[in-house]
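Have a look at the structure below, then the notes.
Residue numbers (my numbering), protein chains in the order written: chain A, 1 to 196; chain B, 1001 to 1223.
Right under this line is the structure:
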């Protein structure tokens, strides 16, 4: 609809821009107005929000978790095929907000034949080394107002825009794990399994 | 057209005022800006008491939708009026959609109230430079007929720059820069194009007052 109705589209886009714009915000009892102060305040607030908690985590040793069979664990670790990677890419919505590099899944699908080998090599190296190439794990945090007229950082809902390549890896993992979940999740927690 | 409002405290008198402004709006064919003290709230959360005068706010709602006004959101605050313990948001600013579109960067800011019950509000256009803008791939580029061939050529250049199997991230980064240039050369500056088209439409419309237009001219004068 947006494509066919430019006037309507422009209005909704600029209204949304106005709603999301932050020209003044309260932080630690003072009002931040200049763009530099707002930037600094944002980084301050969210870096303390996302900090690792110092409290000790509960250990879960000695609990009788169910295990997957040998055959399934071999199946899980089987080499990745190009077809699987392609399936993961095609499972992702092309018009979702892109990650820091700006490329969307529509782009990946369109130029798949040209870049598929590069993508495949990168994803394969993750499954081999369990390390993500530098640059993939960084993301943009976007602030979505939770209410009308937000006046503090806590009135915003942070959303992380992660890299498309990160999404591919996550998708591949979830597709694989889906097949063994029924073995390791107890019956009374079946709500976490799709189709149960 | 700017309408400054100082609404009365009685619902009846306010209703008369809404009617008067609505008449004004339709009498002048100018995009209106309506701002001031409306002495009325639209939603319960705009009052510290949370109690809404239903008949008053309903007619205020009606007035706004009749005049097709869109509100400028107050930045960073909830209330504009303070007396004792009660706080309200009765001072506000509205404008028509056309006006909002023409001046998209306008925002409503609150300033200290000093001795008054009311805060000072300022409708301002901050030209703020937020700094570097990241690259964004625009999906509509994909529908350009030469996208795929152009991309392939640019990509093979990048492959020469960054050879090796694990340089996808670097290649994508350089492709971002190249696609930005590609966009400029293919689609050009959209703002300049828009002004050009608007100018030619105006010329054609002026021409049509003097002599009838050809069919093709009629089509392009409609944009």
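Virtual Cβ for every residue (Gly too), placed ideally from N, Cα, C. On a predicted model such as this, the values are computed, not experimentally measured, just so you know.
Item: Ranges of the alpha helix (DSSP H) found wholly within the stretch 112–180 of chain A, counting only runs of at least 4; Value: 112–129
Item: Residue 1163 of chain B beta carbon less than 9 Å from that of residue 1099 of chain B; Value: no
Item: Neighbour-count burial assignment, residue 157 of chain A, 16 or more Cβ in a 10 Å radius; Value: exposed
Item: Proximal chain A residues relative to residue 1133 of chain B, where beta-carbon distance stays under 8 Å; Value: What residue 1133 of chain B touches in chain A: nothing, since even the nearest Cβ is about 10 Å away.
Item: The stretch 47–64 of chain A / the stretch 166–175 of chain A touching (three or more Cβ pairs under 8 Å); Value: no
Item: Residues bridged to residue 1015 of chain B [DSSP beta-bridge criterion]; Value: DSSP lists no partner for residue 1015 of chain B.
Item: Sheet register partners of residue 1004 of chain B (DSSP bridge); Value: B:1035
Item: Residues from the stretch 54–83 of chain A in contact with chain B, defined by Cβ distance under 7 Å; Value: none
Item: Residues sharing a beta bridge with residue 1144 of chain B, DSSP; Value: Its beta-bridge partners do not exist; DSSP assigns none.
Item: Inter-residue Cα distance where the pair is residue 1091 of chain B and residue 1195 of chain B; Value: 36 Å
Item: Whole-angstrom distance between residue 123 of chain A and residue 169 of chain A, CA atom to CA atom; Value: 6 Å
Item: Exposure of residue 57 of chain A, with buried meaning 16 or more beta-carbon neighbours within 10 Å; Value: exposed
Item: Residues that residue 1093 of chain B bridges to, as DSSP identifies them; Value: B:1035
Item: Partners in chain A for residue 1082 of chain B, counting only beta-carbon separations shorter than 9 Å; Value: In chain order: nothing, as chain A lies at least about 15 Å away.
Item: Per-residue burial, residue 6 of chain A [other beta carbons within 10 Å of its own, 16 or more giving buried]; Value: exposed
Item: Three-state class that DSSP yields for residue 1182 of chain B in the structure shown; Value: helix
Item: Cβ shell of residue 11 of chain A (< 7 Å), same chain only, five flanking positions each side left out; Value: none
Item: Contacts around residue 1117 of chain B, its chain only, beta-carbon distance under 7 Å, and the 5 residues preceding and following it disregarded; Value: 1081, 1082, 1083
Item: Inter-residue spacing [alpha-carbon to alpha-carbon] between residue 1053 of chain B and residue 141 of chain A; Value: 40 Å
Item: Between the CA atoms of residue 1114 of chain B and residue 97 of chain A - distance to the nearest angstrom; Value: 44 Å
Item: Buried versus exposed call for residue 1061 of chain B [16 or more other C-beta atoms within 10 Å across all chains shown]; Value: exposed
Item: Three-state secondary structure (DSSP) of residue 1 of chain A; Value: With a pLDDT of 44 at residue 1 of chain A, under the threshold of 50, the modelled position of that residue is not reliable, and the figure given next carries that caveat. It is coil, neither helix nor strand.
Item: Below-9 Å beta-carbon distance, residue 29 of chain A vs any chain B residue; Value: no
Item: Residue 55 of chain A, buried or exposed, once every other Cβ within 10 Å from all chains shown has been counted against 16; Value: exposed
Item: Per-residue DSSP class, three states only, for residue 1132 of chain B; Value: coil
Item: Length of the line joining the Cα atoms of residue 42 of chain A and residue 69 of chain A; Value: 48 Å
Item: Closer than 7 Å at the beta carbon, the chain A residues around residue 1191 of chain B; Value: Correct list: empty, because the minimum Cβ distance to chain A is about 13 Å.
Item: Within 9 Å, strictly: CB atoms of residue 1166 of chain B and residue 114 of chain A; Value: no
Item: Neighbour list for residue 1070 of chain B in chain A, Cβ cutoff strictly below 8 Å; Value: 15
Item: Length of the line joining the Cα atoms of residue 165 of chain A and residue 181 of chain A; Value: 24 Å
Item: DSSP beta-bridge partners of residue 1168 of chain B; Value: Residue 1168 of chain B pairs with nothing; no bridge assigned.
Item: CB contact flag (residue 161 of chain A, residue 153 of chain A, <9 Å); Value: no
Item: Three CB pairs or more closer than 8 Å across the stretch 1007–1021 of chain B and the stretch 1041–1051 of chain B; Value: no
Item: Limits of the alpha helix (DSSP H) - the one that residue 48 of chain A falls within; Value: 35–49
Item: Same chain only: Cβ atoms within 7 Å of residue 150 of chain A, ignoring 5 sequence neighbours per side; Value: 156
Item: Endpoints, the alpha helix (DSSP H) within which residue 108 of chain A is located; Value: 105–110
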